[in-house]
Every structure is written in C-alpha cells, then in structure tokens.
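Since the structure comes first, as structure tokens, the remarks are kept for the end.
Numbering (the numbering used here), first residue to last: 6 to 373.
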C-alpha cells in the first residue's frame, strides 16, 4: 500500500513569476509523469525504472539536471523508495522506428524498446523538494514556438513535417516539461529559409508573430555521415522578446540533438522562473530509533501519517537505524505526546533537547 500525505502542505512561494506582458504561459500537463526504457518487466528492472522515472520527474519539476537529482544525497532515500510515491504505472512497447543509415540513406528499422510510464504524487514530490531545500518550477511555463531547419545531403529545408523530428520534439518537450507549438506553415514568403538558417533575429521574430507564443526556439541542424553513421552539428537560438541566447551543439542522433536543446532551454527558464518552497514553519522535530529495515521505514511513516493529529510527515534524514522527521501537527506537542502513550509501537526515549522528540520503534505487529 502506498503511503499518502492526507493533507497538502502549506507552501509560501518566495518569488513572483515575472513573465513579460506579452507572455501568456501555458499550464504543463503530465508534469509529474515520466517515461523510461527498461530491459524487462522483472522486479529489479521495475525498481530501477521507477527510480529513474522519479528522478526525471524531480528534474522536470525542479529544473535540475537528471544526473544532479540522482547524485543528490538528500533525495537518495526517497529515490530508492520510489514505489511509495508512484500513483500509476504501465508498460508499453514502442513501435520500431525506421532511420536513415549510410551514405545512401537506407532505411533500417530499429528494435522496439519496452517503456515504463509512471506518474507520481504531486503532493509527495513537492514535499520532497521542500525537505531537500530544492527550487520548484511551477507548471505555468512559457510556450516555445519550435522552428527546426535541417541541412541534409546539401539540401536545406524546414523540418517541421519530418516524423523523426516531430517525435524528437514531442519526447523532449515531455521530458523537460516545456509546452511547444509548431508553425502552422513555413514558406519563403512567411520566413525565408536562409534568414532562418543564418539566424536573422529580426526576420525570425517578425515571422513568429504568425501565432501565439512566449519564446522562439530555432534549431539549425546539419547532418553528415561518417562510417555509415549520421552525425549532427548545429546550434540553438532562443528568442524571448528583445532578448536572445544561443548555443552550439553536436549529437549522434536527432533525438539527442533535441534532447540537449530542450535541456538547455529548460535550464534557462528554471533559473528564471523557479520559486522557493517553504513550509509553514510549525514542524516538530522527531527522531525514531530501531528502524532496521525498509519495511520498518515504511511502517513508521505510515503509522505517523495515519494518526489523526498528524497533518504531514517529512523525512529529513535516514541514517543507520535512525529516522529524523519533521511533523506538522494539528494539535500541540504535549497533546501529541500524550496520545503516543496509548500507542505501544513508539516508546519514548529520554532526551536532553526539549525541542526534539525521541522515540524507539517497537512494532506490535510484524512488518511485511
């Protein structure tokens, strides 16, 4: 059974979202969902897949790189217990994708990969960010008008209709939580190809007025083939009002090129629009000893969450056989302590710190 916090945590947003007056922002759907490749449906692959999926969700919500999330010690315990926070999951086998390989652009179908899709509790993920003192990037985000220009075999063209490009954009947008729009139609009249390729900002900005957006993401991609394998060089141009940012990039696949570009843009926006989550400041600190197994860990958290006087439970740290917790109570500390005298699962320990409750876990029923 997945433990749930029964009441949402009260947060203060210590930052005002400052989109420009021309920006409308779009609420991102599936912000707390992720998809990862797995080798099989085995329990070990499922556990590893959930951990990576949860890391992707935290990266999407915080704006941190996924690698930074996986290496963050303050998130290690919760990532290892990712099954506690998942609310829905499913497996899906991707259809084989045909790719151009070699100088003659021969189409070769790749093997389908098994994907694990997982959705996590919004309340739990936000509480993890608060406990780990990480930033939060809200779901209201700038919508990017994506304009890809691809040079292949000496010929340049807008690649908005290319199925591989469309999928790469869709996947990258989902992974990084960026709402996107694609140009309805690009012609030499609406946007001359050379002006887009050479990043004529004024022309691109004017052409982009054809449909609503908050920013323009223009990708310039040059495909070359060596040893039978394609390689992609180019760059990204980000236009937001009068401000422009650009970066050079290279990749071994179109998917990687778009993944890197969207990761770069997400990092810029996360730094700009992230907020600090702070709790109500009324938490009571509690240390629980004799938490010897993962089952004990789940039992302690579940026990406290199920007490009527407990509003929220935050895990601050887990080390050896000890849990350090912060409790948001609906009553006073003394009343909470009196209630615990009726609960044999938690036995009080002497403490010299009057601001710290210390207890020993002594479950009356075996943990499963």
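Even glycine gets a Cβ: it sits at the ideal position worked out from N, Cα and C.
Since the structure is predicted, the reported quantities are computational estimates derived from the model, not experimental observations.
Under the 8 angstroms Cβ criterion, the segment 137-147 does not count as touching the segment 205-213, having fewer than three qualifying pairs. In the DSSP annotation of this structure, the continuous segment of the beta strand (DSSP E) that includes residue 248 starts and ends at 248-256.
Per DSSP, residue 131 is one residue of the alpha helix (DSSP H) stretching across 127-136.
Following the DSSP letters along the chain, one finds residue 179 inside the alpha helix (DSSP H) bounded by residues 168-181.
Here the alpha carbon of residue 64 sits roughly 23 angstroms from the alpha carbon of residue 44. Our two residues, residue 71 and residue 187, have alpha carbons roughly 26 angstroms apart in a direct line. In the pairwise beta carbon analysis, the segment 46-59 is classified as touching the segment 84-96: at least three pairs are separated by under 8 angstroms.
The count of Cβ pairs closer than 8 angstroms, one atom from the segment 174-181 and one from the segment 263-278, reaches three, so the stretches are in contact. Note on residue 219: 16 or more other CB atoms within 10 angstroms of its CB, so buried under the neighbour-count rule. Our two residues, residue 313 and residue 341, have alpha carbons roughly 10 angstroms apart in a direct line. Rounded to the nearest angstrom, the gap between the Cα atoms of residue 292 and residue 127 is 26 angstroms.
Residue environment analysis places residue 121 among the buried positions, since at least 16 neighbouring C-beta atoms fall within 10 angstroms of its C-beta.
Rounded to whole angstroms, the Cβ separation of residue 150 and residue 66 is 24 angstroms, and the two are not in contact under 8 angstroms. Partner residues in a beta bridge of residue 74, as assigned by DSSP, do not exist.
Per DSSP, the unbroken beta strand (DSSP E) holding residue 231 starts and ends at 220-231.
Under the three-state reduction of DSSP output, residue 366 falls in the strand class. With respect to the 8 angstroms criterion, residue 321 and residue 330 are classified as neighbours on the basis of their beta carbons.
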